Structures are given as structure tokens and as C-alpha cells.
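Structure, as C-alpha cells:
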Amino acid sequence: MNLEELLSTLQSPIVIRPTRRMTQGELESYLDTAANILRGNADHSEFRGYVFALLFYKRISDCFDEEVRTQVATLTKAGLPQDQALLLARDPQNHHFIVPEAAAWAAVARTAKAQLGQALNDAMLAIERANAHRQNNFDGILTGKIDFNKQDELPRDKLVNLINHFGSQTFDRAHVSDDLFGNAYEYLIRNFASKAGKSSGEFYTPAEVGFLMAEVLQPKAGMSVCDWASGSGGLLLQCIRYVKKHGGDVRQLQLHGQESNVATYNISRINMILHGIPVWEHKQGDSLRDPRHLTADNRLKAFDRIIMNPPFSLEDWGHDTVVAGDKFGRLSYGMPPASNGDWAWMQQIAKSLKDADPDTATGGQGMVVMSQGVLFRGQPEQTEEEDGQNQKADAEYVIRRGFIEADLIEAIVVLPGKLFYGNNVPGCLVLLNKAKPAERKDKILMIWASRHFQKGNPQNLLRPSDLMRILVPWRAFGDLPTAQRLVPEHEAQLVREVEEQRDARLADIEDAYGPVLEPLSRLQAELTALDGLDLKRQAVKDAITPEHRYFHPLAPLLAEVERIEGEIAAAGRGEKAALKTRLITPKAKFDVARKQLIEAIKARHKQAARAVKDLVKLQEERDAREQEVKLVADREIAHLREASADLLRICSSEDEARRYFTVVGREEIAENEFNLNLPRYVDTFEPEKVLPLTEATVRLKSATEAAEAAQTALKALLASIGGVA
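Residue 78 is where the sequence shown starts when you use our numbering, and the numbers rise one by one after that.
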């Protein structure tokens, strides 16, 4: 390498921060900031729509631009002129969705503040129209119930801040993968639900509860699954994840949903698109007043699985619509009270589950989150002999009794309180089954799961170990030997899932940081070499050799100088003057080159030191994040192992197991007047702690002495201030 080439290498900039893909945690934090920009200016149930719409708009705009760039590069490489390549690359047939050029984020984001709201409205309408022909069209997805011109709800300054915030990141697939973005979108939904109270929380079911419901329902490819109160679509996504996890083809899963709230309906559509769900039948409307999933002869469709979390104890549920008769035949067990729609939902589920098939011994199953009131509200008929007055049976009692006598209820799980956003009422899960196995006929499994959870603010959480405490007795259907056998299997499975999640998070972090940190070792080696250089004049001269990493270009220049100096030393007095004149140019050339090289080395050292410092800081950041992920996983695994040991202890004793779960026959339920309140069957009372007599005596003596000392101190105080002792 000659001097010019070496100088060019030393003077070239060190690029230490190429594009780094966002990690899941960074993306979630970024979306937190977006949500916080609007808080205080609009009702949470409204402004969530602005954030969700803008985020979706930015995502599809960036992804479309990315696809166009990739196709243009491919076409121009094949020899097509730039203008023709661009025209072909924008052809709608080459894309999953279209963003018209005038509606591109880059164009709209530059609009003046006064016209920005209208520009956004126009762009989103243009995107909907451009994609109207597609199977999952965007009709209303960006414009329904959203108006960026509503300055009373969305002040211009806030809108500009939101646009600038989203504009600060690129959301194409190179920066954020589909899975990462879909997960982050769900995180944003949870973020709003946790901070917005009932208005936004009613449409979100915690992922842990959804996971549990999918594990119980066990949907399979080829099945039809419905959520009549689909909210943001989270429960249907849990069914998709279950099928994927068990190797099924989700394209064969027939998904159906209906949601009454237009804004929430659009959020769920975006949610499904971002998760890459190609086909699902989604309807907008009130499921109780106007169910939309109907057969050709206007009857309710029947499904293999129904998974739901409808609003608890809905007051205005549609009694007025069905009081004169329900054309869908849903209320065959009785008319629910006008002020509470819980049993209206339950009967809709029962009606829209597939009947038992005697040939295959299969039938529809549904799992629903309900207020615990469905288990015990309503009184049976009372005669004058029984209570001194004649009283008809309450509607909810009649319906519940009908469900029990029809043997529809297979299991009940009572959950901890404060699990559901916007509603602190303790809920329960009710599993309905149209085709119970023979050994489960006329029996109901009852699980009291409210003891074990992680306290949180604002909501409590179910941990993997808490889910195991529910799934083991469910899969064993209360049989203790089977439960004991299942405990280690579930422990191993859940530990494996925690490890897989840990490894996925670690891979996510490494994918984000690895490419950026790749040059660190090389730069550290270079910096070490630069640190070892002595740049003083004589030291440089002494170090010059043809093999030296940095000084080798000076070797021929120095050799020429030294050759002439040798001739001068050997020459006679008359020849020296001429030789000295010849030395001026080579020596000057050597000095200039040496100075240039030293300055370049100093600049390179400074640049390399700064780059290494930045990269080491980034490496420490990566290591800290990886360590945090590992510690969280270690804690979860340790807790799982503790819970597993405790569950084995519980399942080894009938008396202890009865404190957590039991199987109850219809006769016992009838004796309890068809009341399903779990404390009637499960020993939910916490045993009092018994102290040994010696310890109790010591505590009593200590308390007595403390009381006497306090009394003495009080008397002394009163005496000192002239009071009455």
C-alpha cells in the first residue's frame, strides 16, 4: 500500500452506527411516548383511534416504500430504465396493499400545520379507496370514527408532535419485523386499556387469560372459531397461536368475530392485518340485538369453538328487542332480566355451538369470561309453607338450572380480582360443552384459582405458574393420580416455553445490536496498535521498516535520504556541497510525508477511540438488556418449580386438593338449589395459623411488657407537664 492509499484509509470515516433494528422493548417504549403525547386532550376511548390509525398508516406507508425501492433496484439491475422500473414497481398487482403517491407519509407529514388534519383525512381516505378491491379491504379502517380536523379533541400542536414522533422512526420490515410490530401493536392496545379505565379497557382481555382459554378449548386447523364480542381480536389471536404452536395450518382455521363499537372494530381489523392473518369473517354490530353470522336461511351459524369476554352484567343488552320473542331461538332456557345481559350472552353461546355428533362424539365448546354473579344470582321458587310467601323462581335461577339439567357446563374457574382492565369485579371462566365425554356426564369441575397471582398496579397478573395450577386440574378433570402425573409434564412444558421466550428475546436483542457491534473487535485491535505508536520524530524514524503497519510508505523515502547522506559522508570536500543540494528535495519529501502520516494517525486514533467508546457503551447496553432477560426467565423458572412442588403436595391429599378444586355431581348441585357459588363446594376458607403454646405465651408476655412500659412512659409525660398522672 503506497502513501496515498494509506492516507486515504486512515482518513476514511469510521461508520459505527449503521441502521439498527429496534428491539421489542425499544418499540414498546417508543409507543408509550406516542400514547402519552395525547393524554389529557381527548377521551381515551377516542384518542386511541388517532394513535392506532397513524401507526398503521406509517407502517403500511414505510413498507410500501420499501417494496417499491426493492423492486426498482431489481428492475434497474436487470437493465430497465429508472422511470420504467419505478412505474412497474408501483403497479398495484405487485403489492399486498397500495399507498397512492400523494398519500405517502413523507408527502403528508410535510403539510403546513393548518392544513395537516385535512391532509391526513384525505390521505387515509385515498388509501382505503386504493385497497377497496382487496379481500381484506380497508373500508373505514382509517376513517371510521376518526377525524383529524377535530381540534377540540386533537389540538394542532399535539398532532404535529405525534407526526414528528412517528416520523422519527422507520417502520419498514428492515427496521421492524412483522411479528415484532404485531406484538408491539398488542402492547399498545394493552397500554391504553391499562390507563384509560372502563371506556377503553372493556375491549381488552389480558393475554394470560386468553392463553388459558385457548389452552382449554384446544382449537385445531379446520375448525370454526367465533368471538361474538371480539373487541381488539386478542382472543382469536390466542387461538391462532395455539394452532401454530401445535403445528397446525392457521389458514384452515375459520375465524369469525363481531364487535359493536366501530372504533374497536377497526382496531381489531388493523390488529389482524398486522399479524398477517389473511382471511377472517368480521362483522360490525350489536351481537345480541343483531347477530351477523347467519346461515342462508337466517339462523345463527354454529361453530366448533366460541371464545368470549363480553361486557360484565350489561344493563342495556337488548331486552327490548327480544322481549316479544327472539327470531333466532336463543332464549330457550328463559328470558334474562332486562337489567343484566349475562345469561343472554350465555344462551347465545349455547345456541351457536355445534350440537353433539353421535358418530364422532364431538360437539361445540365455548369458554366465556363472566361476572361471578352468573354462578349464584337468582332464587328458586318459594312456597308459602317454606318462607311464608309465594315467590316465583327468578329468571337467572331458571336459566342456570336449565343449563345444569341440560349438562352444558363442564367446568368453572374462579379467577383473582383486578385481572380485567376497567373492571375490578372478580371474574370467572365458564366452559360449555355440547358433547361431554361419558365420564364427565352430569359433573362439573370447579377450580378455585383466586389464591395465586402476582399483585400489580393497576391490574393483577397471572404468571405461568398460576396458569399451571389451573391447567393441571382441568386436564386431569379433578382426578388426583392423573394430576400428579401431569404436574411434571406441565412444569417441563412451561419451563420450555419460558426458555423459548427468553431465547427469542435474546435473539431479538442480538439481531438489533449484533450488526452494529460487529466492527468493535477490529476497532479495538486497531486502537491498541495505534496506542502503541511513538510519534516523536526520532522514534518514527527508528521504527520505519518496509513491514511496519503504518510507517512502511516512508521506508523508500527514508532509504533515499539515507543513501544520499551516505554519499555525502563518503564524498570529498569539493563534492559535499553538490550532494547536499541533491538531499534537499528527498528530505523535504520525506518530512512532508512523515508529517502527513503522523497527522492522519493522530486523527485516526481520535476517531477510533471515540468509535470504540461508543460501541463499548452500546455493548454494555446490550449486555445489560440480555442479563435482565435472563434474570426474568430465571425467576419465572424458579417460581414454576416451586409451584410444581406445591401442586404435587396439593394433589397428594384429597383434603388439601378440595381447597383448590373438586368435581361436583348434579345431585349435590341440586341439593344446593342449583347454586354454583364455589365456596359451597370448594373449601375456600384460609386455615387459621396455629401457634404453639410456648410461642403464644412468649408473645403474650412481650405484648404485656410493652403495654406496661408504654403506660409508665405516659404517666411520666403527664407528670412532667403538670397533668394528672
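Just so it is clear, CB atoms sit at the ideal spot from N, CA and C, and this is done for glycine as well.
Everything numeric in this text was worked out from a predicted model, so none of it was measured.
Exercise. Around the C-beta of residue 762, are 16 or more other C-beta atoms found within 10 angstroms, so that it is buried, or is it exposed?
Worked result: Under this definition residue 762 is an exposed residue.
Problem set entry | residue 654 (DSSP reduced to helix, strand or coil) | helix
For this session: Can you check DSSP and say which residues form a bridge with residue 382?
Result: 302, 442
Problem set entry | Beta-carbon spacing of residue 550, residue 473 below 8 Å | no
For this session: Using beta-carbon positions only, say whether residue 583 and residue 685 come within less than 8 Å of one another.
Result: no
Exercise. With residue 258 and residue 208 assumed to form a contact (beta carbons below 8 Å), what rounded beta-carbon distance in angstroms separates them?
Worked result: The Cβ separation is near 18 Å, so there is no contact.
For this session: Can you tell me which of 196, 252, 216 puts its alpha carbon nearest to the alpha carbon of residue 227?
Result: 196
For this session: Rank 292, 243, 314 by C-alpha distance to the C-alpha of residue 256 and give the top, closest one.
Result: 314
Problem set entry | 8 Å contact criterion, which residue 734 and residue 557 should meet: CB distance rounded | 6 Å
Problem set entry | Backbone CA spacing between residue 241 and residue 702 [nearest angstrom] | 28 Å
Exercise. From residue 278 to residue 491, what distance separates their C-alpha atoms?
Worked result: Because residue 278 sits at a pLDDT of 41, beneath the cut-off of 50, its placement in the model cannot be relied upon, and the point is left open.
For this session: Enumerate in chain order the residues of its own chain whose CB-to-CB distance from residue 194 is below 6 Å, with the five nearest sequence positions on each side excluded.
Result: Closer than 6 Å at the Cβ level, and outside the excluded window around residue 194, lie 225, 226.
For this session: State whether the segment 288-296 contacts the segment 450-457, with contact taken as three or more CB pairs (one from each stretch) at a distance under 8 Å.
Result: no
Exercise. By the 10 Å Cβ neighbour count, where 16 or more other Cβ atoms means buried, how is residue 86 classified, buried or exposed?
Worked result: The residue is exposed, with fewer than 16 neighbouring Cβ atoms inside 10 Å.
Exercise. What residues are listed by DSSP as bridge partners for residue 377?
Worked result: 371
Exercise. Going by beta carbon distance, what residues of the same chain come within less than 8 Å of residue 148, once the five residues before and after it are set aside?
Worked result: Hits under 8 Å: 162, 165, 166, 171.
For this session: Whole angstroms is fine: what's the gap from residue 119's alpha carbon to residue 270's?
Result: Its pLDDT being 49, under 50, residue 119 is placed unreliably by the model, and the measurement read from it follows with that caveat. Spanning the two alpha carbons is a distance of roughly 15 Å.
Exercise. So which of 145, 416, 420 has the shortest CA-CA distance to residue 408?
Worked result: 420
Exercise. Which first and last residues belong to the alpha helix (DSSP H) in which residue 185 is found?
Worked result: 182-185
Exercise. Given that a residue counts as buried once 16 or more other Cβ atoms are within 10 Å of its Cβ, and exposed if not, what is residue 537?
Worked result: buried
Problem set entry | Strand pairing of residue 488, partner residues [DSSP] | 508, 522
For this session: Can you give me the start and stop residues for the alpha helix (DSSP H) that residue 194 sits inside?
Result: For residue 194, the enclosing alpha helix (DSSP H) covers residues 190-207.
Exercise. Just how far apart, CA to CA, sit residue 365 and residue 726?
Worked result: 45 Å
For this session: Answer with buried or exposed for residue 229, where buried requires no fewer than 16 other C-beta atoms within 10 angstroms of its C-beta.
Result: Per the 10 Å Cβ criterion, exposed.
Problem set entry | Cβ shell of residue 798 (< 8 Å), same chain only, five flanking positions each side left out | none
Exercise. Fully enclosed by the segment 280-347, which beta strand (DSSP E) runs are 3 residues long or longer?
Worked result: 301-304, 331-336
For this session: Quick one: residues in its chain with C-beta nearer than 6 Å to the C-beta of residue 802, no 5 flanking neighbours on either side, listed in chain order?
Result: Bear in mind that the predicted position of residue 802 carries a pLDDT of just 48, short of 50, making it unreliable; the figure below should be weighed with that in mind. Closer than 6 Å at Cβ, skipping near neighbours: 792, 795, 796.
Problem set entry | Straight-line Cα distance separating residue 250 from residue 540 | As the crow flies, the alpha-carbon of residue 540 is around 32 Å from that of residue 250.
Problem set entry | Anticipated Cβ contact below 8 Å, residue 238 with residue 114, distance rounded | Going by Cβ atoms, the distance from residue 238 to residue 114 rounds to 5 Å, so yes, they are a contact pair.
Exercise. Where does residue 417 sit, in a helix, a strand or coil, going by DSSP?
Worked result: coil
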